[in-house]
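Protein chains in written order, with our numbering: chain A, 131 to 424; chain B, 2 to 338.
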């Protein structure tokens, strides 16, 4: 009894430097992993905290009812908010149908053909292409030929960003629809197009809506492609053929200005955008979460 | 109606009776269905081709726009540091340098941290917390880049200027190479701050892709390693990481593509100085920041064209990086399924 216990402890002590070293390394790695996670979460808390702290003070009714002010005066963000809404809605209206149709082609008609492989690849690249380059592209094909900046150019630029997001989610969600549903529809003689619209779309509805919401979240904070397409406008403007204000561009302009009132409005605008974007992405996630967890 | 009543045996089963007019309308319906089917197929195909057209459109538009500048300056455009709107002498060296340096700083920080977070999420984290923490990290990716910019300029840069930069400059003042990297007055804004902010922005991309590929490791492999007495870290380091190498690298490249093209966050804190300086604390510029800052104010065709040429270079670099990333992730997918 005593013999065996000394024996086993003898073995342990012979190995202990190595064993202790491994344990130590394991503990250090675990500690670092925890630290890294706290580091990541810390940034989120820090950014949101300061955003709320700096932005909430300027939040009042006048933000939503008054125009962007001239330097040194008080005012609101009404025209910028309205401009952002219009540009975003138009961008989604232009981009979503194209995105859904293209995603449908990839998932339904040409799941394995060569064209789909290429389109999938190109779409993935467009998905993460620098948005400022998209802005340059629209400048070249719309602003320069027309000779002036316009709300339309801004909407088209954002639509180009919407398309790849919607294509991707539509394809992913349609691929998740079980083939038995398609076969059942085909067996009662439903042509493919009707099968897709009546059966596949319905089954993938939540996922497709998620994709659109994610796209909206993505473009509502985009600034770079609007800088030289929609430009900006100090005044109330509903003319899509004229420069149009948007919240992100106004934030950009006001934040970099030396005027305190403008900087304060920029923080308030930043808070508004962030809350909108985060709410949209959480909403989008909650739509698909039951499927993911199952 | 009654007169026309007869069997249409080709169309219907024996015990069903169908009138001629019904048969006619049925074939009309079938025809309509076939037509809509063809139209729908055509529409989806056109939409898919539109995606291709978009990318080629971007390339063509940029090449045409950049042609005057590239024609005037030729190959030296890539190696020239000067950027002078008055004498119309433009070179892309400083923006390219700034883009590469800030992205390198971002990746140096984001990759290890992102990997460790993914390690934590997949191996250590209690199951209940896994999803909320994962979502919280992904929310970092959802915050618009202009928010990072305004936050970086007003909150982060002053902090870096006051505490971090003087500390680094003093600490490494006598170390040969590091004293050059961390030299100069602490401006707060500059390549280092931009790189740090980029790191925070890229972090969620690296984390979420690494986590996804780590989750895809067959449990048998891990269990076998645990079975022979490996520690958690050893399982991760010698089993999970080698197994998922391709996917992890693909994730890095995706993050890198993001960092290279990021515009607004960088524009706020980079300082927009067309200089190539060895010190990381010096103000610089990146391709995207130059375009964002100067494009609307650019007068003269050559100035505009030079900025578009910068955009073309940026697009080319990110295209290569992203294409490589996608290729790697695609290969992984093929392996898995």
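For glycine and all other residues, C-beta sits at the position ideal for the given N, C-alpha and C.
By Cβ distance below 7 Å, which residues in the same chain neighbour residue 424 of chain A in space, the five residues on each side in sequence not counted?
In the first chain, the residue the question calls residue 424 of chain A occupies position 294. Low confidence applies here, because residue 424 of chain A scores a pLDDT of 34, under 50, leaving its location unreliable; read the following figure in that light. For residue 424 of chain A, where only same-chain residues beyond five positions count, there are no Cβ hits under 7 Å.
| Range covered by the alpha helix (DSSP H) that runs through residue 50 of chain B | Walking along the second chain from the start, residue 50 of chain B turns up at place 49. For residue 50 of chain B, the uninterrupted alpha helix (DSSP H) segment begins and ends at 21-74.
Exercise. Is the distance from the Cβ of residue 203 of chain B to the Cβ of residue 115 of chain B below 9 Å?
Worked result: Position 202 of the second chain holds residue 203 of chain B. Position 114 of the second chain holds residue 115 of chain B. Their beta carbons are under 9 Å apart, which means residue 203 of chain B touches residue 115 of chain B by this criterion.
Can you check the region 131-212 of chain B for any alpha helix (DSSP H) of at least 4 residues that lies completely inside it and give the ranges in chain order?
146-152, 166-172, 177-182
List, in chain order, every chain A residue whose beta-carbon is nearer than 7 Å to that of residue 108 of chain B. Residue numbering aside, residue 108 of chain B sits at position 107 when the second chain is read from its first letter. Result: empty, since nearest Cβ-Cβ is about 15 Å, beyond 7 Å.
query: Per the contact definition of three or more C-beta pairs closer than 8 Å, is the region 151-162 of chain B in contact with the region 273-280 of chain B?
result: no
Problem - Any alpha helix (DSSP H) of 4 or more consecutive residues that is wholly inside the region 92-120 of chain B - result: 94-120
(message) Taking the straight line between their C-alpha atoms, what separation do you get for residue 2 of chain B and residue 23 of chain B?
(response) Start at 1 with the first residue of the second chain, and residue 2 of chain B comes out as number 1. Start at 1 with the first residue of the second chain, and residue 23 of chain B comes out as number 22. For residue 2 of chain B, the pLDDT reaches just 41, beneath the cut-off of 50, and the residue's location in the model is therefore unreliable, although a value from the coordinates is still provided. Using only the alpha carbons, I get a separation of about 10 Å.
*Which whole-angstrom value describes the C-beta separation of residue 169 of chain B and residue 103 of chain B, a residue pair presumed to lie in contact below a C-beta threshold of 8 Å?*
Your numbering for residue 169 of chain B matches position 168 in the second chain. Your numbering for residue 103 of chain B matches position 102 in the second chain. In this structure residue 169 of chain B does not touch residue 103 of chain B by the C-beta definition: roughly 17 Å separates them, more than the 8 Å allowed.
_Cβ separation of residue 124 of chain B and residue 233 of chain B, assumed to be a contact under 8 Å, to the nearest whole Å_ = Your numbering for residue 124 of chain B matches position 123 in the second chain. Your numbering for residue 233 of chain B matches position 232 in the second chain. That pair is a contact at about 6 Å.
* Thinking just about the alpha-carbon of each residue, which of A/299, A/212, A/177, A/201 is nearest to the one in residue 194 of chain A? -> Walking along the first chain from the start, residue 194 of chain A turns up at place 64. Per the Cα distances, A/212.
query: Between which two residues does the alpha helix (DSSP H) harbouring residue 324 of chain A extend?
result: Indexing the first chain from 1 puts residue 324 of chain A at position 194. That run of the alpha helix (DSSP H) goes 322-325.
For a contact meaning CB atoms closer than 8 Å, what does residue 270 of chain A contact in chain B? Along the first chain, one-based indexing puts residue 270 of chain A at 140. Result: 62, 63, 65, 66, 309.
Taking 9 Å as the threshold (beta carbon to beta carbon), is residue 169 of chain A in contact with chain B?
For the purposes of this step, residue 169 of chain A is taken as the residue at position 39 of the first chain. With 9 Å as the cut-off, residue 169 of chain A counts as an interface residue toward chain B.
**Report entry** Rounded separation between residue 91 of chain B and residue 226 of chain A - CA only
**Finding:** On the second chain, residue 91 of chain B is found 90 positions in, with the first residue counted as 1. On the first chain, residue 226 of chain A is found 96 positions in, with the first residue counted as 1. So the alpha carbons of these two residues sit roughly 40 Å apart.
task: Determine the direct distance from the alpha carbon of residue 152 of chain B to that of residue 344 of chain A, and round the result to whole angstroms.
output: Along the first chain, read from residue 1 onward, the residue named residue 344 of chain A stands at position 214. Along the second chain, read from residue 1 onward, the residue named residue 152 of chain B stands at position 151. Computed Cα separation, rounded: 23 Å.
For this session: Rounded to whole angstroms, what's the CA-CA distance from residue 292 of chain A to residue 257 of chain A? Just pull it up for me.
Result: Taking the first residue of the first chain as position 1, residue 292 of chain A is located at position 162. Taking the first residue of the first chain as position 1, residue 257 of chain A is located at position 127. Each residue's alpha carbon lies about 9 Å from the other.
inquiry  = For residue 237 of chain A, which residues in the same chain have their Cβ closer than 6 Å to its Cβ, ignoring the five residues on either side in sequence?
reply    = Taking the first residue of the first chain as 1, we reach residue 237 of chain A at position 107. Around residue 237 of chain A: 301, 304, 305.
Looking only at its chain, what residues have a beta carbon closer than 7 Å to the beta carbon of residue 292 of chain B, apart from the 5 residues adjacent to it on each side? As a working mapping, residue 292 of chain B is identified with position 291 in the second chain. For residue 292 of chain B, where only same-chain residues beyond five positions count, the Cβ hits under 7 Å are 308, 311, 312.
Runs of 4 residues minimum, wholly inside the region 261-304 of chain B: which ones carry the alpha helix (DSSP H) assignment? 265-270, 288-295
- In the region 142-161 of chain A, which residues sit with their C-beta less than 9 Å from some C-beta in chain B, listed in chain order? Correct list: 152, 153, 155, 156, 157, 158, 159, 160.
Report task. Using a Cβ-Cβ cut-off of less than 8 Å, list which residues of the region 362-381 of chain A approach chain B; keep chain order. Result -> 378, 381
Closest Cα partner of residue 30 of chain B within the set A/359, A/360, A/319
Along the second chain, one-based indexing puts residue 30 of chain B at 29. With distances taken between Cα atoms, residue 30 of chain B lies closest to A/319.
Note to self: Against chain B, with Cβ distances strictly below 9 Å, would residue 239 of chain A count as a contact?
What the structure shows: For the purposes of this step, residue 239 of chain A is taken as residue 109 along the first chain, with counting starting at 1. Closer than 9 Å: yes.
- Task: Please name the residue, chosen from B/301, B/273, B/304, that lies closest to residue 294 of chain B on a Cα-to-Cα basis.
- Result: By one-based count along the second chain, residue 294 of chain B stands at place 293. Nearest of B/301, B/273, B/304 to residue 294 of chain B, Cα basis: B/273.
request  = Excluding the 5 residues preceding and the 5 following residue 205 of chain B in the sequence, name in chain order all residues of the same chain whose CB lies nearer than 6 Å to its CB.
outcome  = Here residue 205 of chain B corresponds to residue number 204 of the second chain, with the count starting at 1. Hits under 6 Å: 138, 139, 141, 142.
For residue 87 of chain B, the nearest candidate out of B/304, B/319, B/333 (CA to CA):
Here residue 87 of chain B refers to the residue found at position 86 when the second chain is read from its first residue. Considering only alpha carbons, the answer is B/304.
* Asked: Hey, is residue 332 of chain A's beta-carbon within less than 9 Å of any beta-carbon in chain B?
  -> By one-based count along the first chain, residue 332 of chain A stands at place 202. No, because no Cβ of chain B sits closer than 9 Å to the Cβ of residue 332 of chain A.
Can you pull the DSSP bridge partners for residue 84 of chain B? Within the second chain, numbered from 1, the residue matching residue 84 of chain B stands at position 83. B/91, per the DSSP bridge assignment.
Confirm, please, whether the CB-CB distance from residue 372 of chain A to residue 279 of chain A is below 9 Å.
Sequence index remark: in the first chain, residue 279 of chain A carries index 149 (1-based). Sequence index remark: in the first chain, residue 372 of chain A carries index 242 (1-based). Yes, the pair counts as a contact, with Cβ atoms nearer than the cut-off.
Open item on the list: Quick test of the definition: if touching needs 3 or more C-beta pairs under 8 Å, does the region 216-234 of chain B touch the region 215-231 of chain A?
Closed with: no
Item to complete: Could you tell me whether the region 396-414 of chain A touches the region 177-187 of chain A, where touching means 3 or more Cβ pairs closer than 8 Å?
Response: As far as the Cβ criterion goes, the region 396-414 of chain A touches the region 177-187 of chain A, which means the pair count is three or higher.
For residue 159 of chain A and residue 73 of chain B, the rounded distance between their alpha carbons:
Taking the first residue of the second chain as 1, we reach residue 73 of chain B at position 72. Taking the first residue of the first chain as 1, we reach residue 159 of chain A at position 29. So the two alpha carbons sit approximately 55 Å from each other.
task = Please name the residues in the region 271-292 of chain B whose beta-carbon is closer than 8 Å to at least one beta-carbon of chain A, in chain order.
result = 289, 292
| query | Name the residues in the region 186-214 of chain A whose C-beta lies less than 9 Å from a C-beta of chain B; which are they? | reply | none
Q: Taking only beta-carbon positions, decide if residue 246 of chain A is within less than 9 Å of chain B.
A: Counting from one through the first chain, the residue named residue 246 of chain A turns up at place 116. Taking Cβ atoms only, chain B reaches closer than 9 Å to residue 246 of chain A, which makes this a yes.
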